[in-house]
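**Student:** Read in order, the letters of the sequence shown correspond to residues 58 to 464 in our numbering. By construction, the Cβ of each residue, glycine as well, lies at the ideal position given by its N, Cα and C atoms.
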Amino acid sequence: MKKIELLAPAGNFSKLKTALNYGADAVYVGGKAFSLRAFSDNFTFDELKEAVEYTHNLGKKIYVTVNAFMKNSDISGICDYFKYLYEIGVDAVIVTDPGAIYLAKSVAPNLELHLSTQANTQNKLAVKFWKEQGVKRIVLARELSLKEIKEISLSDSEVELEAFIHGAMCISYSGRCLLSNYLTGRDSNRGECVQACRWNYGIKDLSKESDYFPIEEDERGTYILNSKDLNMLDYIGEMIDAGVCSFKIEGRMKGEYYLATVINAYRRAIDDYLLNGNAYKENPLYQSELKKTFHRAFTTAYAFGDNEQTVNYENSQSTGDSLFVASVLSYDKESKTALVEMRNRFMVGDVLEVLSPTETFNKTFTVTEILDEKGETVIDAKRVQQKLYVKTELALQEGDMLRRSIK
58 MKKIELLAPA
68 GNFSKLKTAL
78 NYGADAVYVG
88 GKAFSLRAFS
98 DNFTFDELKE
108 AVEYTHNLGK
118 KIYVTVNAFM
128 KNSDISGICD
138 YFKYLYEIGV
148 DAVIVTDPGA
158 IYLAKSVAPN
168 LELHLSTQAN
178 TQNKLAVKFW
188 KEQGVKRIVL
198 ARELSLKEIK
208 EISLSDSEVE
218 LEAFIHGAMC
228 ISYSGRCLLS
238 NYLTGRDSNR
248 GECVQACRWN
258 YGIKDLSKES
268 DYFPIEEDER
278 GTYILNSKDL
288 NMLDYIGEMI
298 DAGVCSFKIE
308 GRMKGEYYLA
318 TVINAYRRAI
328 DDYLLNGNAY
338 KENPLYQSEL
348 KKTFHRAFTT
358 AYAFGDNEQT
368 VNYENSQSTG
378 DSLFVASVLS
388 YDKESKTALV
398 EMRNRFMVGD
408 VLEVLSPTET
418 FNKTFTVTEI
428 LDEKGETVID
438 AKRVQQKLYV
448 KTELALQEGD
458 MLRRSIK
């Protein structure tokens with residue numbers, strides 16, 4: 058069996074550190090140009106170099122997205138970019154455009170190439186074609202079933218196959234959506250998607266000064282283009298058997314709490330599977346974790362064939378079962394006090410739960426005392442990003458997160 062890679066998104070340096078801390082084997086990031094998440098923070102040239110060094114020092118990998126569709130005006134800039142990415146030692150670039158592949162092979166022939174899901178690769182002959190162009194890994198289209206993925210894997214065991222395991226889905230075919238461009242002039246194929254498919258739509262009679270008429274879908278709402286979120290946590294073994302070697306989590310625009318929660322759940326589930334096989338499915342912890350951060354209704358999409366139940370009619374998304382209230386900056390063992398940065402309101406008397414990659418994961422404690430940096434007592438923590446001291450017997454560490462149930 059090939060080594061299984063848990064691949065996580067990182068929209069900025071802080072998110073990169075979170076992803077690696079919570080168990081990702083590799084991260085994918087974007088620079089300030091040529092990436093399909095133009096509205097993520099992304100990385101400057103200097104930050105990319107620092108990110109590569111930081112990631113490699115942990116013995117992990119970093120891939121850079123260069124997956125926007127090129128125009129003629131992009132050619133000279135992207136050539137210099139590929140040279141720079143090779144010089145700083147990125148492990149691979151994720152590309153879509155055939156012209157970008159041609160340029161990368163010309164100016165940085167030893168730079169490893171991964172083909173983006175935007176290329177919409179859905180069959181074994183397409184995989185063969187891209188392999189002949191020098192692509193080492195294919196990020197498969199999300200429309201494929203596990204059976205189809207296995208057929209591709211059996212046709213060529215040399216090509217690495219990467220597939221999404223969790224996150225937002227697109228209502229359109231992978232890499233073939235013009236909705237954002239049509240409605241707003243912001244091209245999703247150039248990294249500027251406004252996610253118009255998530256909007257709440259209505260109908261209005263323009264000849265009258267009237268309110269919008271509701272659109273009803275089986276009386277469940279008006280989010281007629283809003284896809285459910287992919288969740289393949291219960292099918293780790295099936296994905297491995299199909300030949301997937303890299304499990305990709307979607308979300309370069311997602312926050313740190315979301316990333317920590319999802320990565321932590323998949324890290325623990327994958328490790329449990331590798332140790333105990335399918336017995337990991339009997340542990341309800343992993344799925345319950347995924348519900349503790351915002352999400353839409355879950356789906357396995359097309360993993361098991363055609364699926365007409367992939368649209369999330371009810372709402373844009375759930376807020377989750379838990380609220381992220383503080384990030385741990387440090388912990389003093391002598392005073393048994395954690396220095397935290399407040400993110401959402403909490404107060405003395407609240408029961409907080411720990412999100413951590415360590416053994417303190419999911420342990421709880423009751424807040425008995427909160428002090429500000431001046432040593433003054435705080436009963437109700439409601440100043441965003443205020444640094445506070447919180448008493449707890451749990452040996453927390455930098456990077457841990459505290460949350461409280463909102464069920």
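Should LYS349 be labelled buried (16 or more other beta-carbon atoms within 10 Å of its own) or exposed?
**Tutor:** For the purposes of this step, residue 349 is taken as the residue at position 292 of the sequence shown. LYS349 comes out buried.
**Student:** Where do the N-terminal and C-terminal ends of the beta strand (DSSP E) with ASP329 fall, by residue?
**Tutor:** On the sequence shown, residue 329 is found 272 positions in, with the first residue counted as 1. Per DSSP, ASP329 belongs to no beta strand (DSSP E); it is in the alpha helix (DSSP H), 313-333.
**Student:** Which word fits ASP363, buried or exposed, when buried means at least 16 other C-beta atoms lie within 10 angstroms of its C-beta?
**Tutor:** By 1-based counting over the sequence shown, the position of residue 363 is 306. By the 10 Å Cβ count, ASP363 comes out exposed.
**Student:** Are the stretch 331-351 and the stretch 176-190 touching, with three or more C-beta to C-beta distances below 8 Å?
**Tutor:** For the pair of segments examined, the stretch 331-351 was found not to touch the stretch 176-190: the number of CB pairs separated by less than 8 Å stays below three.
**Student:** I'd like to know whether the C-beta atoms of SER303 and ALA108 end up nearer to each other than 9 Å.
**Tutor:** Residue 303 sits at position 246 when you count from the first residue of the sequence shown. Residue 108 sits at position 51 when you count from the first residue of the sequence shown. Going by C-beta atoms, SER303 is not nearer than 9 Å to ALA108.
**Student:** For a test of the three-state rule: what should DSSP assign to PHE465, helix, strand or coil?
**Tutor:** Since the first and last residues shown for the chain are 58 and 464, residue 465 lies out of range.
**Student:** If you draw a straight line from the C-alpha of LYS60 to the C-alpha of THR241, how long is it?
**Tutor:** Looking up residue 60 in the sequence shown gives position 3. Looking up residue 241 in the sequence shown gives position 184. In this structure, the CA atom of LYS60 is about 43 Å from the CA atom of THR241.
**Student:** Just the C-alpha distance for TYR138 and TYR159, rounded to the nearest angstrom, thanks.
**Tutor:** On the sequence shown, position 81 is the one that residue 138 refers to. On the sequence shown, position 102 is the one that residue 159 refers to. Distance between the alpha carbons of TYR138 and TYR159 is about 14 Å.
**Student:** Is THR376 near PHE351, with beta carbons less than 9 Å apart?
**Tutor:** For the purposes of this step, residue 376 is taken as residue 319 along the sequence shown, with counting starting at 1. For the purposes of this step, residue 351 is taken as residue 294 along the sequence shown, with counting starting at 1. Yes. Within cutoff.
**Student:** For GLY312, which option in THR357, SER384, ILE293 has the closest C-alpha, if you only look at C-alpha atoms?
**Tutor:** Sequence index remark: in the sequence shown, residue 312 carries index 255 (1-based). Ranking THR357, SER384, ILE293 by Cα distance to GLY312 puts SER384 first.
**Student:** Given a cut-off of 9 Å on the beta-carbon distance, is the pair ILE145 and TYR85 in contact?
**Tutor:** Sequence index remark: in the sequence shown, residue 145 carries index 88 (1-based). Sequence index remark: in the sequence shown, residue 85 carries index 28 (1-based). No; because the gap between Cβ atoms is not below 9 Å, this pair is not in contact.
**Student:** Which residue wins for smallest C-alpha separation from GLU307, given the options TYR359, THR421, THR174, LEU412?
**Tutor:** Reading the sequence shown from its first residue, position 250 is the one you call residue 307. Closest by alpha carbon: THR174.
**Student:** Compare the C-alpha of LEU331 against each of LYS431, ILE293, GLU339, THR357 and name the closest.
**Tutor:** The residue given as residue 331 occupies position 274 in the sequence shown. Among LYS431, ILE293, GLU339, THR357, the Cα nearest to that of LEU331 is on ILE293.
**Student:** Checking contacts by CB at 9 Å: is GLY362 closer than that to chain D?
**Tutor:** Judged by its chain identifiers, the structure shown contains no chain D, having just a single protein chain.
**Student:** Please confirm whether ARG353 and LYS464 have their CB atoms less than 9 Å apart.
**Tutor:** Taking the first residue of the sequence shown as 1, we reach residue 353 at position 296. Taking the first residue of the sequence shown as 1, we reach residue 464 at position 407. Against a cut-off of 9 Å, the Cβ pair of LYS464 and ARG353 comes out as no contact.
**Student:** So is ALA336 buried or exposed if we call it buried at 16+ other beta carbons inside 10 Å?
**Tutor:** Against the sequence shown, residue 336 aligns to sequence position 279. Exposed, because fewer than 16 other Cβ atoms sit within 10 Å of the Cβ of ALA336.
**Student:** At what residue ranges does the stretch 403-460 contain a whole run of the beta strand (DSSP E), taking only runs of 3 or more?
**Tutor:** 408-412, 421-423, 427-429, 444-448
**Student:** With respect to the beta strand (DSSP E) encompassing PHE381, which residues constitute its N-terminal and C-terminal limits?
**Tutor:** Residue 381 sits at position 324 when you count from the first residue of the sequence shown. Run containing PHE381: 379-389, per the beta strand (DSSP E) assignment.
**Student:** Are ARG461 and ASP407 touching if we call contact CB-CB under 9 Å?
**Tutor:** Position 404 of the sequence shown, counting from 1, holds the residue named residue 461. Position 350 of the sequence shown, counting from 1, holds the residue named residue 407. For the pair ARG461 and ASP407, the CB atoms are nearer than the 9 Å cut-off.
**Student:** Tell me the DSSP bridge mates of ARG194?
**Tutor:** Here residue 194 refers to the residue found at position 137 when the sequence shown is read from its first residue. In the DSSP output, where bridge partners are listed per residue, ARG194 has HIS171, GLU217.
**Student:** Could you check what DSSP says for LYS305 in three-state terms: helix, strand or coil?
**Tutor:** On the sequence shown, position 248 is the one that residue 305 refers to. LYS305: strand per DSSP, three-state reduction.
**Student:** Considering THR112, what are the terminal residues of the alpha helix (DSSP H) in which it resides?
**Tutor:** In the sequence shown, residue 112 corresponds to position 55, counting from 1. THR112 -> alpha helix (DSSP H) spans 102-114.
**Student:** If you drop the 5 nearest sequence neighbours on each side, which residues of the same chain put their C-beta closer than 7 Å to that of LYS72?
**Tutor:** Taking the first residue of the sequence shown as 1, we reach residue 72 at position 15. So the list reads GLU313, LEU316, once near-sequence residues are dropped.
**Student:** Starting from PRO66, follow the beta strand (DSSP E) in both directions and report where the run begins and ends.
**Tutor:** Stepping through the sequence shown from its first residue, residue 66 is reached at position 9. Unbroken beta strand (DSSP E) run through PRO66: 62-66.
**Student:** Report yes if the C-beta distance between ASP437 and MET404 is below 9 Å; otherwise report no.
**Tutor:** The residue labelled residue 437 in the question sits at position 380 within the sequence shown. The residue labelled residue 404 in the question sits at position 347 within the sequence shown. Contact: yes.
**Student:** For LYS448, which residues in the same chain have their Cβ closer than 6 Å to its Cβ, ignoring the five residues on either side in sequence?
**Tutor:** For the purposes of this step, residue 448 is identified with residue 391 of the sequence shown, where counting begins at 1. Excluding positions up to five away in sequence, the list reads THR394, THR425, GLU426.
**Student:** What residues in its chain sit with their C-beta under 6 Å from that of THR423, if we drop five residues either side in the sequence?
**Tutor:** To locate residue 423, count along the sequence shown from 1; it is residue 366. Answer for THR423: VAL408, listed in chain order.
**Student:** In whole angstroms, give me the CA-to-CA distance for ASP328 and MET289.
**Tutor:** Counted from its first residue, the sequence shown places residue 328 at position 271. Counted from its first residue, the sequence shown places residue 289 at position 232. One C-alpha to the other measures close to 15 Å.
**Student:** In this structure, what does DSSP give as the bridge partners for TYR120?
**Tutor:** On the sequence shown, position 63 is the one that residue 120 refers to. Looking at the DSSP assignment, TYR120 forms a beta bridge with TYR85, ALA149.
**Student:** With burial defined as no fewer than 16 other Cβ atoms inside 10 Å of the residue's Cβ, what is the status of ILE206: buried or exposed?
**Tutor:** As a first step, residue 206 is located in the sequence shown; it is residue number 149 there, counting from the start. With 16 or more Cβ atoms within 10 Å of its Cβ, ILE206 is classed as buried.
**Student:** Looking at HIS171 and TYR209, is the spacing between their C-beta atoms short of 9 Å?
**Tutor:** As a working note, residue 209 is residue 152 in the sequence shown. As a working note, residue 171 is residue 114 in the sequence shown. Per the sequence shown, residue 209 should be read as Ile rather than Tyr. Taking 9 Å as the Cβ cut-off, ILE209 and HIS171 do not qualify as a contacting pair.
**Student:** So, ALA81 versus ARG324, is the Cβ gap smaller than 9 Å?
**Tutor:** Taking the first residue of the sequence shown as 1, we reach residue 81 at position 24. Taking the first residue of the sequence shown as 1, we reach residue 324 at position 267. For ALA81 and ARG324, yes; Cβs fall inside 9 Å.
**Student:** Compute the distance between the beta-carbons of GLY88 and THR122, then report whether it is under 9 Å.
**Tutor:** In the sequence shown, residue 88 corresponds to position 31, counting from 1. In the sequence shown, residue 122 corresponds to position 65, counting from 1. For GLY88 and THR122, yes; Cβs fall inside 9 Å.
**Student:** Might you give, ordered along the chain, the residues of its own chain that have their beta carbon closer than 6 Å to the beta carbon of THR75, omitting 5 neighbours on each side?
**Tutor:** Taking the sequence shown and counting its residues from 1, one reaches residue 75 at position 18. Closer than 6 Å at the Cβ level, and outside the excluded window around THR75, lie GLU313, LEU316, ALA317.
**Student:** Use the C-beta contact count for VAL441: other C-beta atoms within 10 angstroms, 16 or more gives buried, fewer gives exposed.
**Tutor:** In the sequence shown, counting from the first residue as 1, residue 441 sits at position 384. The residue in question, VAL441, is exposed, as its Cβ has fewer than 16 Cβ neighbours within 10 Å.
**Student:** Closest to LEU453 by C-alpha separation, out of VAL411, ASN283, GLU62, PHE102, would be which residue?
**Tutor:** Residue numbering aside, residue 453 sits at position 396 when the sequence shown is read from its first letter. Checking every option, the nearest Cα to that of LEU453 belongs to VAL411.
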